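Heads up, the sequence shown is in the UniProt record's numbering, so the first residue is 1 and it goes up one at a time. Positions of the beta carbon are idealized from the N, C-alpha and C atoms, including for glycine. Just so you know, these numbers come straight off a predicted model, no measurement behind them. Here's the structure, in structure tokens; my notes come after.
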Amino acid sequence: MQVLQVQLAVQADPAEVSRARRWVRDRLRAGGIDQDSQVAETLVLVVSELVTNAVVHTGRPAVLRLLLPVDPATGPAAVRVEVFDTSCAAPAPRHAGADEDATNGRGLELVELLCERWGWYPDGSGKRVWCEIGDPDAPCPLAVQPVAREPRVASVG
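Right under this line is the structure:
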């Protein structure tokens, strides 16, 4: 399977999250993925959550990477999202609890609910948080992870 890998540098500013969402929509459109599809809507939401976590919780720039199938018409394929930041702190899933008005604590919970697979692993001077969206039985495009370290994986199930 051929895969298009694209990435965006994100500054340490919460306003960058909306730029990341627009960028993802543009990449999906260019890749021939229907903007109204459930996969597209899920990707935009998940990217928003992961970039927000990277920027808000680390206060540092991040890199957003998408790995998209070149021709989605050839069959099902998982789309992979990766966000690299320079913090070594592990992502800490929290739960907003019963407070419906809480504005924090749902990001990784949403990622867990919406993605087939997600996880994180140390990467150089920081970490990479990743997720896969799409057909859970489809091959993952370029699921490259370091050989020397075991990734931390959270599976939905």
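A distance below 8 Å between beta-carbons, with the five flanking residues on each side excluded, links E16 to the following residues of its chain, in chain order: V10, V51 and V55. Excluding sequence positions up to five before and after V46, its CB lies within less than 8 Å of the CB of V81, L110, V111, L114, C115, C131 and I133, all in the same chain and listed in chain order.
In chain order, D85 and S87 place their CB closer than 6 Å to the CB of T58, counting only its own chain and leaving out the 5 sequence neighbours on each side. Counting only residues of its own chain and dropping the five nearest sequence neighbours on each side, A40 has a CB closer than 7 Å to the CB of L28, I33 and D34. In chain order, Q7 and E82 place their CB closer than 6 Å to the CB of R65, counting only its own chain and leaving out the 5 sequence neighbours on each side. For V10, the three-state secondary structure derived from DSSP is strand.
I133 has V79 as its beta-bridge partners, per DSSP.
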